[in-house]
Amino acid sequence: MPTKTELQAKCDQLERDNAELVRQLQRLERQLSGQLLPEECQPADMPTNLMALMKKHRVPWEVFWCYEHERWLDELCSSFPHDTYGTCPGCRGEDGSH
Numbered sequence: 001m002p003t004k005t006e007l008q009a010k011c012d013q014l015e016r017d018n019a020e021l022v023r024q025l026q027r028l029e030r031q032l033s034g035q036l037l038p039e040e041c042q043p044a045d046m047p048t049n050l051m052a053l054m055k056k057h058r059v060p061w062e063v064f065w066c067y068e069h070e071r072w073l074d075e076l077c078s079s080f081p082h083d084t085y086g087t088c089p090g091c092r093g094e095d096g097s098h
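Numbering follows the working numbering, with no gaps: position 88 of the sequence shown is 88.
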């Protein structure tokens, strides 16, 4: 029989999961209505190779965006799409930002 602490932890996790699902639903509703928030809109200069990968593997554009350096990733993990790790020149210190 679970303890009160275990039940409370499970309840807290379910509340977090529910809040995340509500957030995702709201974003998808905005996407369908064409009223995405500015930070949810895809940057216009997406490279062709990333656009092709996005369509082929049906992943969102956010997978290919480096939020830290605000630019597109140009190197992806060799196990993509199973692992979505990637780097941009800024992550590797190649653009003089580090």
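Heads up, the beta-carbon is just placed ideally off N, CA and C, and yes, glycines get one too. Every value quoted in this text rests on a predicted model; they were computed, and no experiment measured them.
* Whether residue 95 touches residue 87 by CB criterion (9 Å) -> In the sequence shown, residue 95 corresponds to position 95, counting from 1. In the sequence shown, residue 87 corresponds to position 87, counting from 1. Taking 9 Å as the Cβ cut-off, residue 95 and residue 87 do not qualify as a contacting pair.
* Hey, would you say residue 53 sits closer than 9 Å to residue 81, going by beta carbons? -> Reading the sequence shown from its first residue, position 53 is the one you call residue 53. Reading the sequence shown from its first residue, position 81 is the one you call residue 81. Contact flag set, yes.
* What residues are listed by DSSP as bridge partners for residue 131? -> Outside the shown range of the chain, which is 1 to 98, sits residue 131, and nothing can be said about it.
* To do: Would you tell me roughly how many angstroms separate the C-alpha atoms of residue 11 and residue 23, rounded to the nearest one?
  => One-based indexing of the sequence shown puts residue 11 at position 11. One-based indexing of the sequence shown puts residue 23 at position 23. Going from the Cα of residue 11 to the Cα of residue 23 covers about 18 Å.
* May I have the straight-line CA-CA distance separating residue 92 from residue 56, to the nearest angstrom? => Taking the first residue of the sequence shown as position 1, residue 92 is located at position 92. Taking the first residue of the sequence shown as position 1, residue 56 is located at position 56. The alpha-carbon atoms of residue 92 and residue 56 are separated by roughly 27 Å.
* Asked: By how many angstroms is the C-alpha of residue 62 removed from the C-alpha of residue 43?
  -> Within the sequence shown, residue 43 is the residue found at index 43, counting from 1. Within the sequence shown, residue 62 is the residue found at index 62, counting from 1. Roughly 10 Å separates the two Cα atoms.
* For the alpha helix (DSSP H) containing residue 68, list its first residue and its last residue. => To locate residue 68, count along the sequence shown from 1; it is residue 68. Per DSSP, residue 68 belongs to no alpha helix (DSSP H) and is neither H nor E.
* Close Cβ partners of residue 72 (< 8 Å) along its chain, the five nearest in sequence each way excluded -> As a first step, residue 72 must be located in the sequence shown, where it is residue number 72. Contacts found: 43, 45, 46, 47, 50, 64, 65, 66 and 88.
* **Nearest-angstrom Cα separation, counted from residue 29 out to residue 16** => Start at 1 with the first residue of the sequence shown, and residue 16 comes out as number 16. Start at 1 with the first residue of the sequence shown, and residue 29 comes out as number 29. Looking at the two C-alpha atoms, the distance is approximately 20 Å.
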